[in-house]
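Note sheet for the following structure.
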Amino acid sequence: MIDDLTIGIIWATANADTALLADDAALAKSQTVLSHHEKRSRSEIAHTELPMLNPVASQWLGSRFCARHITRHLGRLSGQPLFWTREQRGEEASAWLLWSHKFEYLRRTSRWFSDMRRGFCIPAEEVAASPGYERVMLLLAVALMEAFGITVELSPEPEHGAVEGFVFGNEAIVANWLGGSGLWYVDASAPPPRRSTYRDLDDHLASDSLIAQPTSERRLAAFASYLDVPWRWFRRRCEELAIAGVDDIAHPRSRLLSTRGLNTAVRYVAHIDDLRGAELARR
Numbered sequence: 336m337i338d339d340l341t342i343g344i345i346w347a348t349a350n351a352d353t354a355l356l357a358d359d360a361a362l363a364k365s366q367t368v369l370s371h372h373e374k375r376s377r378s379e380i381a382h383t384e385l386p387m388l389n390p391v392a393s394q395w396l397g398s399r400f401c402a403r404h405i406t407r408h409l410g411r412l413s414g415q416p417l418f419w420t421r422e423q424r425g426e427e428a429s430a431w432l433l434w435s436h437k438f439e440y441l442r443r444t445s446r447w448f449s450d451m452r453r454g455f456c457i458p459a460e461e462v463a464a465s466p467g468y469e470r471v472m473l474l475l476a477v478a479l480m481e482a483f484g485i486t487v488e489l490s491p492e493p494e495h496g497a498v499e500g501f502v503f504g505n506e507a508i509v510a511n512w513l514g515g516s517g518l519w520y521v522d523a524s525a526p527p528p529r530r531s532t533y534r535d536l537d538d539h540l541a542s543d544s545l546i547a548q549p550t551s552e553r554r555l556a557a558f559a560s561y562l563d564v565p566w567r568w569f570r571r572r573c574e575e576l577a578i579a580g581v582d583d584i585a586h587p588r589s590r591l592l593s594t595r596g597l598n599t600a601v602r603y604v605a606h607i608d609d610l611r612g613a614e615l616a617r618r
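So for the sequence shown, the numbering used here puts the first residue at 336; every next one is plus one.
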């Protein structure tokens with residue numbers, strides 16, 4: 336069946352696969368050239384240092400570096416940390432569903448913390464400007480996070496979209512690769528002014544998340560409503576697709592991609608009201 340779900344999966348997979356295959360050799364070389372940055376607690380790389388990479392490849396490189404930076408410093412965090420992310424459209428959020436390192440990052444962080452949150456800023460203007468299939472991919476990405484036991488929180492306030500990626504759990508780690516001036520900016524210990532900003536945003540989401548609900552299913556239903564995606568239709572289509580899996584319609588060739596995230600998200604929504612759903616991402 337051709338609809339917003341299948342179109343979104345095909346669109347996201349084809350775009351990521353084409354871009355990453357085109358720059359596969361350049362990415363391998365770039366990782367080697369920049370590997371010394373992983374030893375630093377603070378690092379910033381301008382786009383001009385790797386001008387040969389296409390935009391998707393640049394984002395993949397920045398995302399991978401930030402994920403590795405955060406996981407190296409998880410021991411500095413405590414409590415129920417907030418992971419703040421800057422994706423506002425399905426084109427950006429589909430990386431969670433397809434990039435292999437992001438699936439492993441979600442798995443590792445969710446095992447480190449028994450209880451964690453992930454915050455988004457998605458203004459109403461971005462929702463209105465997004466086609467249906469892109470909004471469906473954004474909803475699937477959030478479903479993947481909920482599958483890992485991560486509580487997703489949402490702010491619609493446009494000013495929050497300017498805040499860089501960070502993790503706040505008493506201490507604060509900066510890790511930004513999306514929407515910044517360079518490939519990445521990371522800091523193992525955020526300066527006090529930024530820490531204050533993160534604390535305020537943490538408090539705001541904890542008390543005023545637009546999708547605050549006591550269960551994962553109700554949070555996803557609230558998020559679907561905000562995105563103008565019919566929840567009953569979305570669940571039914573995930574139930575249908577979960578039977579066959581997404582591999583019949585998504586065939587990434589890049590070594591950097593997989594369909595594990597897509598399959599996990601689809602199956603989680605399909606089984607969200609039984610025990611199978613809660614165990615899908617924890618195997």
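We put the CB at the ideal spot given by N, CA and C, even for glycine. As the structure is a computational prediction, the values presented were derived from the model and not from experiment.
Counting along the chain, the unbroken alpha helix (DSSP H) around Trp346 starts and ends at 339 to 357. Gly454 sits in a strand when the DSSP states are folded into three classes.
Nearest to Lys374 by alpha-carbon distance, out of Asp339, Phe400, Pro386, is Phe400.
Burial is judged here by how many other beta carbons sit within 10 angstroms of a residue's own beta carbon; Trp447 has fewer than 16 and is exposed. In terms of Cα proximity to His371, the closest of Ala351, His404, Pro526 is His404. For Phe501, there is no enclosing alpha helix (DSSP H); the residue is part of the beta strand (DSSP E) that begins and ends at 501 to 504.
Within the model, the alpha-carbon separation for Arg421 versus Gly514 is close to 7 Å.
By the beta-carbon neighbour count (other beta carbons within 10 angstroms, threshold 16), Ser531 is exposed. Shown here, Val564 sits in coil according to DSSP, grouped into three states, outside any helix or strand. In the displayed model, Glu379 falls within a strand according to three-state DSSP. The count of Cβ pairs closer than 8 Å, one atom from the region 350 to 362 and one from the region 487 to 498, stays below three, leaving the stretches out of contact.
For Gly517, the enclosing beta strand (DSSP E) begins and ends at 517 to 522.
By the neighbour-count definition (other C-beta atoms within 10 Å, threshold 16), Pro587 is a buried residue. Annotated as proximal: Leu417 and Gly454, with beta-carbon spacing under 7 Å. In chain order, Gly517, Leu518, Trp519 place their CB closer than 6 Å to the CB of Ile380, counting only its own chain and leaving out the 5 sequence neighbours on each side. Secondary structure at Ala507: strand, using DSSP grouped into helix, strand and coil. Looking at the DSSP output, Val487 bridges to Arg453.
For Thr594, the number of other beta carbons within 10 angstroms of its own is at least 16, and it is reported as buried. For the pair Ile337 and Gly467, the Cα-to-Cα distance works out to about 13 Å. Per DSSP, the unbroken beta strand (DSSP E) holding Leu417 starts and ends at 417 to 419. Our two residues, Glu552 and Phe569, have alpha carbons roughly 12 Å apart in a direct line.
Distance from the CA of Arg529 to the CA of Val502, rounded to the nearest whole angstrom, comes to 11 Å. The criterion of a C-beta distance shorter than 7 Å is satisfied by Asn389 and Asp358.
Scanning its chain for C-beta atoms nearer than 8 Å, with the 5 sequence neighbours on each side dropped, one finds no residue around Thr383. Boundaries cannot be given for Gly496, as no alpha helix (DSSP H) includes it and DSSP labels it neither H nor E. In the DSSP assignment, the residues bridged to Trp434 are Leu592. Taking the C-beta atoms as reference points, Glu469 is found no nearer than 7 Å to Arg411.
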